[in-house]
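Peer 1:
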Amino acid sequence: MDTLQHLLAGFGVALTPSNLLVAAFGGLTGTIVGMLPGLGPINGVAILMPLAFALKLPPETALILLAAVYMGCEFGGRISSILLNVPGDAGAIMTALDGHPMAKNGQAGVALSLSAWSSFVGSLVATVGIVLFAPLLARWALAFGPAEYFALMCFAFACITGLMGDAPMKAALAAVIGLSLSTIGLDSNSGVYRFTGDNLHLSDGIQFIVVVIGVFSISEILLMLEQHHANTGIIKITGRSLFNLKELMFTGWTTLRSAVMGFVVGVLPGAGATIASAMAYSTEKRLAGASGTFGQGDIRGLAAPEAANNASAAGSFVPMLTLGVPGSGTTAVMVGALSLYNITPGPALFTQNPALVWGLIASLFIANVMLLFINIPLVGVFTRVLRLPNWALVPGILAISAVGVFSVHATTFDLMLMSTFGVVGYLLRKQGVPMAPLILGFVLGDMMEQNLRRALSITNGELGILIESPICKGLWVGALLMVAVPPLLRLLANRRQPVAV
Amino acid sequence: MSDRILGAVCVAVGAGMALAARGYVAPISYEPVGPNSFPMLMAALMAAAGVWLIVKPGLRGAVMTRAQLMPFAMSVLAVFVYAGLFETLGFTVATTVMAVPVGMAFGGGWKKSLLGGISIGLLFYLLFDKLLDVVLPTGVLSFIFGGR
Chain D
282 MDTLQHLLAG
292 FGVALTPSNL
302 LVAAFGGLTG
312 TIVGMLPGLG
322 PINGVAILMP
332 LAFALKLPPE
342 TALILLAAVY
352 MGCEFGGRIS
362 SILLNVPGDA
372 GAIMTALDGH
382 PMAKNGQAGV
392 ALSLSAWSSF
402 VGSLVATVGI
412 VLFAPLLARW
422 ALAFGPAEYF
432 ALMCFAFACI
442 TGLMGDAPMK
452 AALAAVIGLS
462 LSTIGLDSNS
472 GVYRFTGDNL
482 HLSDGIQFIV
492 VVIGVFSISE
502 ILLMLEQHHA
512 NTGIIKITGR
522 SLFNLKELMF
532 TGWTTLRSAV
542 MGFVVGVLPG
552 AGATIASAMA
562 YSTEKRLAGA
572 SGTFGQGDIR
582 GLAAPEAANN
592 ASAAGSFVPM
602 LTLGVPGSGT
612 TAVMVGALSL
622 YNITPGPALF
632 TQNPALVWGL
642 IASLFIANVM
652 LLFINIPLVG
662 VFTRVLRLPN
672 WALVPGILAI
682 SAVGVFSVHA
692 TTFDLMLMST
702 FGVVGYLLRK
712 QGVPMAPLIL
722 GFVLGDMMEQ
732 NLRRALSITN
742 GELGILIESP
752 ICKGLWVGAL
762 LMVAVPPLLR
772 LLANRRQPVA
782 V
Chain Z
22 MSDRILGAVC
32 VAVGAGMALA
42 ARGYVAPISY
52 EPVGPNSFPM
62 LMAALMAAAG
72 VWLIVKPGLR
82 GAVMTRAQLM
92 PFAMSVLAVF
102 VYAGLFETLG
112 FTVATTVMAV
122 PVGMAFGGGW
132 KKSLLGGISI
142 GLLFYLLFDK
152 LLDVVLPTGV
162 LSFIFGGR
């Protein structure tokens with residue numbers, strides 16, 4: 282019953298006028314950002330984070346804004362998937378498979394409204410999941426010592442490298458780059474300046490915002506140059522604009538199953554909306570068997586990935602809030618945002634700063650309802666934004682990015698550094714190095730080093746402490762499995778069907 | 022760029038890091054793990070990843086076509102010029118200067134891009150500086166907007 286009380290108090294925080302306004306604004310912005318091909322939740326959160334800080338929003342309001350943007354993106358991605366056949370963000374790739382054929386069959390209105398509903402159910406199920414499981418996990422995590430934390434972070438890196446697709450070595454490299462960047466600046470334990478090259482601007486370390494905007498905004502723009510296409514093929518919304526009861530009942534179980542699956546995948550560090558929606562889609566396709574018309578406009582094929590990607594987005598808040606170890610690139614950016622306020626997420630946050638944690642959780646419920654009501658009637662307005670030409674949009678994004686970076690320290694040095702990170706990030710991404718592990722590394726770097734040093738101080742340098750406790754052992758075994766199992770599975774799958782697409 | 026080049030760069034960066042980190046010794050040490058251990062570990066991992074990429078390169082790396090090179094170079098240059106002149110020229114003028122090449126790289130004509138740049142520069146200045154209290158440099162337009 283403790284949880285219920287906290288949740289009610291959280292609603293007290295989330296229902297203040299300013300927080301409601303921020304949630305609505307975030308949801309709206311998020312839907313637009315998610316809808317625009319090329320820009321995903323991580324870009325949206327990265328671009329808005331410095332502004333939230335510059336506007337001197339209190340930490341819980343800033344977090345509510347970013348969370349609403351994140352949820353909004355998962356709603357918005359489906360619009361361009363359905364109408365353009367171009368996924369608005371990575372989580373909406375599977376949505377295009379059945380959503381676009383539906384739109385071509387004159388059922389765009391049904392597809393849009395039904396997918397908004399499944400997105401809503403997905404987020405709702407996952408938010409209930411947060412309420413049920415996050416406090417338990419936080420209580421358990423309170424027993425973690427430095428050695429356990431170090432092992433936990435290694436586990437998180439193992440997850441993100443093992444699950445991040447086809448180039449685990451490049452994901453690992455990205456994490457190492459991020460961790461290395463985090464060592465720049467003054468070492469607080471010893472007073473030694475590391476990798477600063479006697480540059481005063483670097484003595485404090487590199488600003489988190491500079492890295493995030495560089496690799497997610499500037500490099501994204503450079504990548505957009507190669508793939509920019511006129512958004513001319515937008516399908517006109519015809520037919521019924523709302524799904525009927527029969528369609529709702531028909532997809533009910535699919536949506537629920539996919540939501541639960543998405544939540545579980547989202548809680549795992551590293552596995553994000555992309556994996557969740559792909560898993561949900563293939564599961565439902567298998568369950569439907571011969572009765573399904575998956576790929577030609579089956580409404581179950583539309584509901585499943587949308588429920589799953591929203592659920593996994595909400596699920597990724599669990600490791601971030603309870604362990605302080607973010608589960609996705611986007612939540613890593615949020616951890617960085619909290620560090621601007623000198624708040625370190627972790628199990629202690631639930632007891633020390635309940636207003637922040639429960640305010641955020643309550644606002645997830647509220648933002649979700651808002652998003653449903655924004656998304657069903659306003660879809661026509663959003664499609665008009667899709668027609669916004671890139672020559673006006675991109676300079677606007679660049680300007681907002683620069684304002685965000687400039688607002689922190691007001692130095693030209695930071696802006697130049699941002700541009701450099703943009704170009705380096707572009708080169709790395711062109712070479713297939715993912716950026717999410719880099720950000721995770723940069724965010725966790727200091728915590729990881731501190732915990733390692735603290736753990737080894739306890740035993741005076743004896744490495745055994747890192748694998749001594751049962752929790753540590755479990756985490757290390759989990760990490761090994763995460764790295765070893767996906768390649769093995771891929772090998773097996775390749776052997777079974779040699780001409781896989 | 023191919024994976025081999027990326028690998029070689031990683032090995033070089035790792036070596037450079039290790040070289041620099043050797044000197045990071047605390048004047049008075051009271052913990053078994055000093056300030057240079059973690060950077061050394063990272064340098065080793067960086068070099069190891071580099072060696073892996075040299076031995077087992079995956080991607081050949083896409084080559085940019087000539088048609089793509091021009092807009093790309095223009096945009097990169099514009100981003101750096103924007104960063105460098107942001108304070109001196111002020112937000113509004115710098116944004117306009119940036120928006121012309123970037124807008125053209127994204128398929129707008131120079132007139133449209135210029136107009137877009139001026140509108141973004143003015144609109145965002147009013148929105149952020151005047152309405153939202155995020156102070157932006159006014160630079161060469163300080164005689165109109167005040168500030169610096």
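Protein sequences appear in the order of chains D and Z.
The first sequence: position 366 = 647 (our numbering), numbered continuously.
The second sequence: position 64 = 85 (our numbering), numbered continuously.
Every residue gets a Cβ at the ideal spot worked out from N, C-alpha and C, and that includes glycine.
What is the DSSP secondary structure of residue 668/D, counted as helix, strand or coil?
Peer 2: Of the three classes helix, strand and coil, the one that applies to residue 668/D here is coil, per DSSP.
Peer 1: Is the separation between the beta-carbon of residue 149/Z and that of residue 684/D shorter than 7 Å?
Peer 2: Against a cut-off of 7 Å, the Cβ pair of residue 684/D and residue 149/Z comes out as a contact.
Peer 1: Using a Cβ-Cβ cut-off of 7 Å, state whether residue 724/D counts as contacting chain Z.
Peer 2: Closer than 7 Å: no.
Peer 1: For the segment 620-640 of chain D against the segment 453-465 of chain D, do three or more pairs of beta-carbon atoms, one drawn from each stretch, fall closer than 8 Å, so that the two count as touching?
Peer 2: Touching, no, given that fewer than three Cβ pairs across the two stretches are closer than 8 Å.
Peer 1: Tell me where the beta strand (DSSP E) around residue 294/D begins and ends.
Peer 2: That residue, residue 294/D, is in no beta strand (DSSP E); its alpha helix (DSSP H) goes 283-295.
Peer 1: List, in order along the chain, the chain D residues whose C-beta lies closer than 7 Å to that of residue 27/Z?
Peer 2: The answer, in chain order, is 712.
Peer 1: Evaluate contact between the segment 22-29 of chain Z and the segment 764-774 of chain D, counting only Cβ atoms and requiring at least three cross-stretch pairs below 8 Å.
Peer 2: The segment 22-29 of chain Z, when compared against the segment 764-774 of chain D, does not touch it at the 8 Å Cβ threshold.
Peer 1: Would you please verify whether the beta carbon of residue 129/Z is less than 7 Å from any beta carbon of chain D?
Peer 2: Closer than 7 Å: yes.
Peer 1: Compare the C-beta of residue 194/Z with all C-beta atoms of chain D and state if any pair is closer than 7 Å.
Peer 2: No information on residue 194/Z is available, as it lies outside the stretch 22 to 169 that chain Z covers here.
Peer 1: In this structure, how does DSSP classify residue 55/Z when only helix, strand and coil are distinguished?
Peer 2: Coil, per DSSP.
Peer 1: Taking only runs of the alpha helix (DSSP H) that begin and end inside the segment 579-620 of chain D, which ones reach a length of at least 4 residues, in chain order?
Peer 2: DSSP runs (the alpha helix (DSSP H)) wholly in the segment 579-620 of chain D: 580-596, 598-604.
Peer 1: If you follow the beta strand (DSSP E) that residue 468/D is in, where does it begin and where does it stop?
Peer 2: Here the beta strand (DSSP E) through residue 468/D covers 466-468.
Peer 1: Out of 483/D, 308/D, 508/D, 517/D, state which residue places its alpha-carbon closest to the alpha-carbon of residue 649/D.
Peer 2: Of 483/D, 308/D, 508/D, 517/D, the residue nearest in Cα terms is 308/D.
Peer 1: Given a limit of 8 Å on CB to CB distance, which residues of the segment 748-779 of chain D reach chain Z?
Peer 2: Cβ contacts with chain Z come from no residue of the segment 748-779 of chain D.
Peer 1: Between residue 302/D and chain Z, is any beta-carbon pair separated by less than 7 Å?
Peer 2: No, residue 302/D does not count as interfacial toward chain Z.
Peer 1: How many angstroms separate the CA atom of residue 98/Z from the CA atom of residue 538/D?
Peer 2: The straight-line gap from Cα to Cα measures roughly 50 Å.
Peer 1: Identify, in the order they occur along the chain, each residue of the same chain with its Cβ nearer than 6 Å to the Cβ of residue 463/D, setting aside the five sequence neighbours on each side.
Peer 2: Here the set comprises 723, 726, 727.
Peer 1: Suppose the cutoff is 6 Å on Cβ atoms and the five residues either side in sequence are ignored; what does the same chain contact list for residue 591/D look like?
Peer 2: So the list reads 355, 400, 403, 404, once near-sequence residues are dropped.
Peer 1: Would a check of beta-carbon distances place residue 522/D closer than 7 Å to chain Z?
Peer 2: No, because no Cβ of chain Z sits closer than 7 Å to the Cβ of residue 522/D.
Peer 1: Give the interface partners of residue 670/D over in chain Z, defined as CB-CB distance under 7 Å, in chain order.
Peer 2: Ordered by position in chain Z, the residues that pass the 7 Å Cβ test against residue 670/D are 129.
Peer 1: Indicate whether residue 454/D and residue 70/Z have their beta-carbon atoms separated by less than 7 Å.
Peer 2: Yes. Within cutoff.
Peer 1: In angstroms with no decimal places, state the Cα-to-Cα distance between residue 284/D and residue 618/D.
Peer 2: Whole-angstrom Cα-Cα distance: 26 Å.
Peer 1: Who are the Cβ neighbours of residue 340/D in its own chain at under 7 Å, not counting the five residues just before and after it?
Peer 2: Closer than 7 Å at Cβ, skipping near neighbours: 619, 622, 624, 637.
Peer 1: Hey, residue 678/D and residue 498/D are a contact pair by Cβ (cut 8 Å); roughly how many whole angstroms apart?
Peer 2: That pair is a contact at about 6 Å.
Peer 1: Touch check for the segment 156-164 of chain Z and the segment 700-713 of chain D: three-plus C-beta pairs under 8 Å?
Peer 2: With a cut-off of 8 Å, the segment 700-713 of chain D and the segment 156-164 of chain Z do not count as touching, because too few Cβ pairs lie within range.
Peer 1: Please list, in chain order, all residues of the same chain as residue 522/D whose beta carbon is under 6 Å from its beta carbon, the five residues on each side excluded.
Peer 2: Around residue 522/D: 390.
Peer 1: Select from the segment 438-454 of chain D all residues with a C-beta closer than 9 Å to any C-beta belonging to chain Z, and list them in chain order.
Peer 2: So the list reads 447, 448, 450, 451, 453, 454, given in the order they occur along the chain.
Peer 1: Grab the span of the beta strand (DSSP E) containing residue 474/D for me, first residue to last.
Peer 2: 473-475 is the extent of the beta strand (DSSP E) around residue 474/D.
Peer 1: Could you give the uninterrupted runs of the beta strand (DSSP E) lying entirely in the segment 402-470 of chain D, keeping only those of 3 residues or more?
Peer 2: Entirely contained in the segment 402-470 of chain D, the beta strand (DSSP E) runs reaching 3 residues are, in chain order, 466-468.
Peer 1: Three or more beta-carbon pairs under 8 Å between the segment 425-445 of chain D and the segment 747-755 of chain D, yes or no?
Peer 2: Yes, they touch.
Peer 1: Among 599/D, 473/D, 301/D, whose alpha-carbon lies nearest the alpha-carbon of residue 626/D?
Peer 2: If we check each option's Cα against that of residue 626/D, 599/D comes out closest.
Peer 1: Would you kindly check if the distance between the Cβ of residue 371/D and the Cβ of residue 321/D is under 7 Å?
Peer 2: Taking 7 Å as the Cβ cut-off, residue 321/D and residue 371/D qualify as a contacting pair.
Peer 1: Between residue 696/D and residue 104/Z, is the Cβ-Cβ spacing less than 7 Å?
Peer 2: In contact: residue 696/D and residue 104/Z (Cβ atoms closer than 7 Å).
Peer 1: Contact between the segment 360-375 of chain D and the segment 569-581 of chain D is defined here as three or more beta-carbon pairs at a separation below 8 Å; is this criterion met?
Peer 2: Flag = no, the segment 360-375 of chain D and the segment 569-581 of chain D do not touch.
Peer 1: In this structure, how does DSSP classify residue 86/Z when only helix, strand and coil are distinguished?
Peer 2: Note: residue 86/Z maps to coil in three-state DSSP.
Peer 1: Can you pull the chain Z neighbours of residue 464/D, defined as C-beta to C-beta under 8 Å?
Peer 2: Correct list: 59, 60, 63.
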